[in-house]
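In numbering that gives the first Met the number 0, the protein residues as written are 0 to 305.
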Amino acid sequence: MTLAPVRLGTFIRSTSSGSRAGAIVRTARNSRHTIPRAGGSSARIAARVATRIAGSQVWLVLPAYNEAENLPPLLGRVGAAWSGRLRFRVLVVDDGSRDDTAEVAETMAGRLPVEVIRHERNRGLAAAIRTGIREVCRRARDGDVVVTMDADNSHPPELVPLMIERLQAGHDIVIASRFVPGAREEGVPWRRRLLSRAAGMVFRAVCPIPGVRDYTTGFRAYRAAVLKELWGRHGDRLIEAAAFSVMTELLLKARTLRPRIAEVPLVLRYDLKGGASKMRLGRTLRDYARLLGRELRPHRLTRRAA
C-alpha cells in the first residue's frame, strides 16, 4: 500500500573505497536523542510505517560540506533505524568538500543504499539542496517520501518514521520543529538560537502558513508529489537563495499549493556535531532580508490577498 494521493487545495495528483569503512558503523557517544512517543517507540512506528508504504521509497537528501567526521555516526544511525524496516536511498550531495566527505560516504555504499553526487567546487547549501531535489524529482515516484536533513549528526534519523506516519495521516509536509511542545535544543550557540527565533517570528507575522512555527529548519519530510509539482512549476528557480535561507524559500514557494503541514518535536543535538559551523551570521541575515523583501513586493502581496 502506498501513500494516499496528495491533496493540495484543488490540486490532486495520483500518477504515479576506503579505509574508513569500520568508522562508519560506529554510533555517537553520549547520544541521548529523545524521540517523541506518539503511538509507540521509533522501532514500532517504523514497523507500522513499513507495512503501509510497501512499494514506496524514502529518499534522504544530505547536503554535505566537510562532513567526513559527522557522516559515519549519522549514516550508522540511519542504518540502525531504517534497515529492514524502510525502503530507502541516501543521496549525499558533496558540496566541494576539502576533506574526505565523498570518500567516507562512498565507503558506506556496500552496506547501505548510498549515492554520492559531487560538486567540483563549493557552491553553498542552497546549491546542494537544489542538486539533491532535482535528482529526486527526476527519479522518485509520486508515492515516495523525500526527507531533507543536515549531515552534521545534529538531526535524529530515528524521528523519520514518525514524520512519515504524519504524512500517512493526510499531511503533505512534516517539519521537525524546534518550537513546539516537547522540542529541545542542546549545545546550540545563543546567536544561532536568537536568529532562528527572530526569523520565525518575522515570517510568521509577514508570511503566515497554517501549521508552521519553524520556518528555517532543514529537517523535513515531503510527499514526493509535492516536490515534483513544485519542480515542474519552477525548475531550477524553485531555489534562488544563496545560503541558509533556502529552507524558508522552499516552504514559502510550497504554500502556493496550499499543502497540509504538520510539525513534530525536534530534539536538536548540536553538541554531537563535529567541526565548525558553516553558517555565517552576517550573510544569513542578508539572505533572509532579501527573501523577505521579495515577499513584500506589491505584486506578491496582491496575489496572496487574492
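The C-beta atom is built at its ideal place from N, Cα and C for all residues, glycine as well.
Whole-angstrom distance between residue j and residue i, CA atom to CA atom
i, j, result
"Asn29", "Arg232", "Since pLDDT at Asn29 reaches only 37, below the 50 mark, its modelled position is unreliable, and no value is offered."
"Leu74", "Pro112", "10 Å"
"Leu229", "Lys252", "8 Å"
"Gly83", "Val48", "12 Å"
"Leu271", "Asn152", "6 Å"
"Ala220", "Asp93", "21 Å"
"Arg43", "Trp81", "11 Å"
"Pro209", "Val144", "21 Å"
"Arg259", "Arg165", "10 Å"
"Ala108", "Glu102", "10 Å"
"Thr255", "Val263", "22 Å"
"Arg289", "Asp171", "27 Å"
"Thr33", "Arg236", "Residue placement at Thr33 is poorly supported in this model, since its pLDDT is 44, which falls under 50; the coordinates still yield a value, given next. One C-alpha to the other measures close to 37 Å."
"Phe178", "Arg137", "33 Å"
"Val60", "Val187", "23 Å"
Best match in the options for proximity to residue i [C-alpha to C-alpha]
i, options, result
"Asn65", "His118, Ala220 and Arg86", "His118"
"Ala223", "Gly217, Ser55, Tyr269 and Arg177", "Ser55"
"Val57", "Asn69, Glu68 and Gly78", "Gly78"
DSSP state of residue i mapped onto helix, strand, coil
i, result
"Leu85", "coil"
"Ala175", "strand"
"Val312", "Only positions 0 to 305 of the chain appear in the structure, and residue 312 is not among them; the question remains open."
"Arg140", "coil"
"Arg120", "coil"
"Thr130", "helix"
"Leu290", "helix"
"Arg25", "In this prediction, Arg25 has a pLDDT of 26, which is less than 50 and means its spatial position is unreliable; what the coordinates show is noted afterwards. Three-state DSSP puts Arg25 in coil, outside helix and strand."
"Arg183", "strand"
"Asp93", "strand"
"Arg285", "helix"
Residue interval of the alpha helix (DSSP H) (run including residue i)
i, result
"Pro62", "Element bounds for Pro62: not the alpha helix (DSSP H) but the beta strand (DSSP E), Val57 to Ala63."
"Ile163", "Val159 to Gln167"
"Leu271", "No alpha helix (DSSP H) contains Leu271, which DSSP labels as neither H nor E."
"Thr216", "It is not in any alpha helix (DSSP H) - Thr216 carries neither H nor E in the DSSP assignment."
Range of the contiguous beta strand (DSSP E) that encloses residue i
i, result
"Arg190", "No beta strand (DSSP E) contains Arg190, which is instead part of the alpha helix (DSSP H) from Trp189 to Val205."
"Val263", "Ile260 to Pro264"
Exposure of residue i, with buried meaning 16 or more beta-carbon neighbours within 10 Å
i, result
"Leu193", "exposed"
"Trp189", "exposed"
"Pro71", "buried"
"Gly21", "With a pLDDT of 30 at Gly21, under the threshold of 50, the modelled position of this residue cannot be trusted; read the value that follows with caution. Exposed, since its Cβ has fewer than 16 Cβ neighbours within 10 Å."
"Met200", "exposed"
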